[in-house]
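Protein chains: 2
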Amino acid sequence: MARAGLTADRLIRAGAVLADEIGFEQVTLAALARQFDVKLASLYAHVNNAHHLKAGIALLALDQLAALAADAVAGRAGKEALVALANVHRDFARAHPGLFAACRFELDDATAATSAGVRLAQMLRAVLRGYSLSEPDQTHAVRLLGSVFLGFATLELAGSFKHSLPDPANSWSRTVDAIDMTLRSWPTK
Amino acid sequence: MARAGLTADRLIRAGAVLADEIGFEQVTLAALARQFDVKLASLYAHVNNAHHLKAGIALLALDQLAALAADAVAGRAGKEALVALANVHRDFARAHPGLFAACRFELDDATAATSAGVRLAQMLRAVLRGYSLSEPDQTHAVRLLGSVFLGFATLELAGSFKHSLPDPANSWSRTVDAIDMTLRSWPTK
DNA sequence: CCTATTATCCTAAGTATATTAGGCGATGCA
DNA sequence: TGCATCGCCTAATATACTTAGGATAATAGG
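Line by line, the protein sequences give chains A and B. Residues 1 to 189, numbered by the numbering used here, are exactly what the first sequence covers, in order. Residues 190 to 378, numbered by the numbering used here, are exactly what the second sequence covers, in order.
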């Protein structure tokens, strides 16, 4: 019986593609086995279990998003950097809904600490260098940015904006404008 | 064999309680059957399928959140109303993580249109009456509010704020302050 | 009060996913 | 080339979802 040439890496990458096609929650070891024309149990030679596969996809997704974020903020500052980073999030969510969902997969603390999520947070902080905020305001602002990026993309993907008129793209640019203004005149207690 | 007195309503309510205890994704017909000491297949006399049960829990969750929102906004205006509505979201997410997750269960369009989600959106618009915004800016602002409320609560529940210093409660109040300022001086194109 | 009907719960059976244990042939290194 | 390891297999178990059809408890009508 010819070998399929499976690898943990190939399984995770195939799972990532599948996630965008059928949704992250629908990615299953059984579905992957079918894709590689292999029996389900054979996958256990390469991944510990279904959770491990999903965690792998999550790490891959975070890595891709962090890479795009790094590229977006490189050589940019101030509002230009903010807009670029904001668009990276929204565009990534629209282009890769499955991977975007994967980014929110619950990783254990140790894994999360070494994930690209840390780099992503650093990108948020990097953007804030263009706005003179000192601690703890900078952390507050990081949390605000993360909330808006995540929340908007989540709602848009869920179709929550489908039934009201203005194009979400307009709302997005107005939202980013508003955030920029907020950061420039951050309300000090 | 004595009857357990099952009802679609009782099942959905029990499922809602279970969601907060073990997580919305973990709520299963089998788990409910165990709770009521009944065979799994017996539940099908009351709910169509597992999807129907989860949709029911989602509708219940939206209803509860909308009720809290309506109560918070009643008799308040301006920033006071904004703060109250914002806190309703965050407090609900913390007190009922399972129901908060249920709120994002994908409902078909017809069901969503008759759900309490519509009422919830009206509460957001009601708060904006305290800030003189005209269309389409009002819709943009509704989307901004929804994004921040959802995003912040999601990140906090996921533990994303666990490893940086300031208390999330501080970030939250600063965030709401910032939103208030943004709405008062909404950047017109 | 008794009967007919209905609704509630059951057993049985089939499907799907996840997981473990153990076997066998293919691969690759000594 | 011999052999140890690796890659994939079959087999078996556990859990969840779903449908079909049977038995009994509650209920309504005569």
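Beta carbons are placed, not taken as given, at the ideal position from N, Cα and C, and that holds for glycine.
For B:Asp366, the enclosing alpha helix (DSSP H) starts and ends at 357-373. Closest option to A:Gln26, judged by alpha-carbon separation, among A:Leu107, A:Asp9, A:Ala8, A:His51: A:His51.
Boundaries of the alpha helix (DSSP H) harbouring A:Pro97: 97-102, taken from the DSSP string. With three or more CB-CB distances shorter than 8 Å, the segment 97-104 of chain A counts as touching the segment 9-29 of chain A.
Annotation: A:Ala16 to B:Leu333 spans about 30 Å, alpha carbon to alpha carbon. Taking 9 Å as the upper bound on Cβ-Cβ separation, chain A lies near residues Gly335, Ser336, Val337, Phe338, Leu339, Gly340, Phe341, Ala342, Thr343, Leu344, Glu345, Ala347, Gly348, Ser349, Phe350, Lys351, His352, Ser353, Leu354, Pro355, Pro357 of the segment 335-358 of chain B. Neighbours of A:Leu144 in chain B, taken as residues whose beta carbon is under 7 Å from its own, are Thr364, Ala367 in chain order. Look at the beta carbons and you see the segment 102-118 of chain A touching the segment 54-68 of chain A: at least three pairs across the two are nearer than 8 Å.
Note on B:Glu345: 16 or more other CB atoms within 10 angstroms of its CB, so buried under the neighbour-count rule. By the rule that beta-carbons nearer than 8 Å mark a contact, B:Met370 touches chain A. Think of a sphere of 7 Å around the beta carbon of B:Thr300: no beta carbon from chain A falls inside it, the nearest being about 13 Å out. Not flagged as an interface residue toward chain B: A:Thr114, since no C-beta distance is shorter than 8 Å. For B:Thr300, the uninterrupted alpha helix (DSSP H) run begins and ends at 298-302, by DSSP. For A:Ser171, a Cβ of chain B is located within less than 8 Å of the residue's own Cβ. Per DSSP, the unbroken alpha helix (DSSP H) holding B:Val316 starts and ends at 305-317.
Within its own chain, the residues whose Cβ lies closer than 7 Å to the Cβ of A:Val148, once the five positions on either side in sequence are excluded, are Thr175, Ile179, listed in chain order. Counting only runs of at least 4 residues, the segment 190-262 of chain B fully encloses the following alpha helix (DSSP H) elements, listed from N- to C-terminal order: 197-211, 218-224, 239-262. In the DSSP assignment, A:Arg143 falls within the unbroken alpha helix (DSSP H) covering 137-157. Taking 8 Å as the threshold, the shortest C-beta distance from A:His89 to chain B does not fall below it.
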